[in-house]
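Numbering (my numbering), first residue to last: 1 to 288.
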Ligand code: MN
C-alpha cells in the first residue's frame, strides 16, 4: 500500500535579487522559511531576456566550502572555471554537479556565444549539503550532459528526466554523498502522474511554470512556486491543469547542525571563521 506524502504548504519565492550581473533569481528557499534538508538553497534564474553584449555577465571569482552546487540549464549557456582545474560549458539540458567540499574558487559567466547573441536565459541552482564527514574532503566536479540523463516517457505525453537517484527503474547519472533524487518533470495539460518518492526523504515540488494540483488538494499555479512535502509517505500525485514544468527534489535529511555564512556552509561558527581565513589566505586556490 502506498501513502501520500503530506503537502506542508505552498510558497512563493521569498526574495527576488540578482546574483552578480548575470542571474536574476527568485529564491524558492530558504528566504521564505522553507527547509528541505539536505538541500540548502534553490535559486530559479529567469526566464529573462538578455540583449547581446560584449562583456560576459555573471559572477566572477568567489569561493564555496562545505556543500555542493548543482546547476541545471534550461535556456542559455553558462561557462564555468574553478581553482581545482575544472572548466566547461553548461548547455541547455545539461547539469553541472560541483562538490565544493573543502573549498573551491570559481566563476560562473554567461558563455561567450550566448553573451554575443543574447537570448532567453533560464537556470536553476540548487545547493546540496554534505555530511560532516565529507565537508573537508577533496573537491569534485561532474559535468553531466543532456544525453547522459535518462528520460522516462509518461503515458499522458509528458516526461521525467532522472538527474540523480532513481525513478521507475531508471537511475540518474549524478553521484551523491547522501541519498538524493532530482527529477525534471514535464506534464501535459490534463496529465496525471503518481510519482513514487522514498519514505523518510524530505521532498519538494518546485513549479517553474504551469498549474498543478498536488494530492488532489493543494495547487501551484503561475511561476516560481514551491510545495515542501513530508518525510512520511512514499508517493505524491501530480495533476497538470495546463502544460506544466516541474522540478522534484527529495533526499534523506542530514541531521547535523548547520552554520552558514554566505558561500560557506559548515557545522559550527569556528569552522566558518576557518573557512573565511582559508579563503583569504588563498588556501582554496585561485583561477589562472
Ligand atoms: Mn558559485
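Built from N, CA and C at the ideal position, the CB exists for glycine as well.
Nearest to residue i by alpha carbon, out of the options?
i, options, result
"residue 62", "223, 96, 80", "80"
"residue 64", "283, 269, 263", "263"
"residue 83", "72, 102, 67", "102"
"residue 35", "57, 239, 23, 249", "249"
"residue 11", "19, 253, 26", "26"
"residue 258", "40, 174, 280, 54", "40"
"residue 54", "98, 203, 112", "112"
"residue 91", "145, 117, 98", "145"
"residue 254", "201, 153, 74", "201"
"residue 256", "37, 71, 209", "37"
"residue 117", "52, 282, 14", "52"
"residue 208", "75, 33, 237", "75"
"residue 244", "223, 252, 231", "223"
"residue 32", "272, 225, 273, 114", "225"
"residue 58", "13, 237, 170, 114", "114"
"residue 56", "73, 77, 72, 71", "77"
"residue 73", "15, 237, 163", "163"
"residue 180", "170, 281, 232, 251", "251"
"residue 194", "237, 231, 14", "237"
Can you tell me whether DSSP reads residue i as helix, strand or coil?
i, result
"residue 213", "strand"
"residue 237", "strand"
"residue 94", "coil"
"residue 223", "strand"
"residue 109", "strand"
"residue 67", "strand"
"residue 184", "strand"
"residue 57", "coil"
"residue 272", "helix"
"residue 255", "coil"
"residue 49", "strand"
"residue 278", "helix"
"residue 242", "coil"
"residue 155", "coil"
"residue 177", "coil"
"residue 191", "coil"
"residue 115", "helix"
"residue 133", "helix"
"residue 232", "coil"
"residue 146", "helix"
By Cβ distance, which residues of its chain are closer than 7 Å to residue i, with the 5 residues on each side in sequence left out?
i, result
"residue 177", "130, 131, 134"
"residue 143", "88, 96"
"residue 221", "211"
"residue 7", "214, 215, 217, 218, 227, 229"
"residue 175", "142"
"residue 265", "40, 66, 67, 129, 258"
"residue 204", "36, 226, 227, 228, 229, 249"
"residue 69", "98, 100, 125, 127"
Looking only at its chain, what residues have a beta carbon closer than 8 Å to the beta carbon of residue i, apart from the 5 residues adjacent to it on each side?
i, result
"residue 234", "2, 3, 5, 196, 197, 198, 199"
"residue 60", "20, 107, 109"
"residue 16", "24, 25, 26, 27"
"residue 148", "173"
"residue 287", "61, 81, 82, 83, 105, 106, 107"
Near residue i, what residues of its chain come up, given a Cβ to Cβ distance below 6 Å and the 5 sequence neighbours on each side ignored?
i, result
"residue 241", "211"
"residue 192", "239"
"residue 269", "259"
"residue 23", "45"
"residue 42", "28, 29, 126"
"residue 285", "83, 105"
"residue 153", "159"
"residue 93", "146"
"residue 86", "141"
Assuming residue i and residue j make a contact with CB atoms under 8 Å, what is their CB distance in whole Å?
i, j, result
"residue 172", "residue 150", "7 Å"
"residue 139", "residue 104", "5 Å"
"residue 168", "residue 206", "That belief does not hold up - the Cβ atoms of residue 168 and residue 206 are roughly 20 Å apart, past 8 Å."
Quick check on residue i - is its C-beta less than 8 Å from some C-beta in chain B?
i, result
"residue 242", "Reference to chain B is not applicable here, since this structure consists of a single protein chain."
**Asked** Okay, do the stretch 114-124 and the stretch 45-61 touch, 3+ Cβ pairs below 8 Å being the bar?
**Response** yes
**Asked** Between the stretch 183-190 and the stretch 154-163, do three or more beta carbon pairs fall short of 8 Å?
**Response** yes
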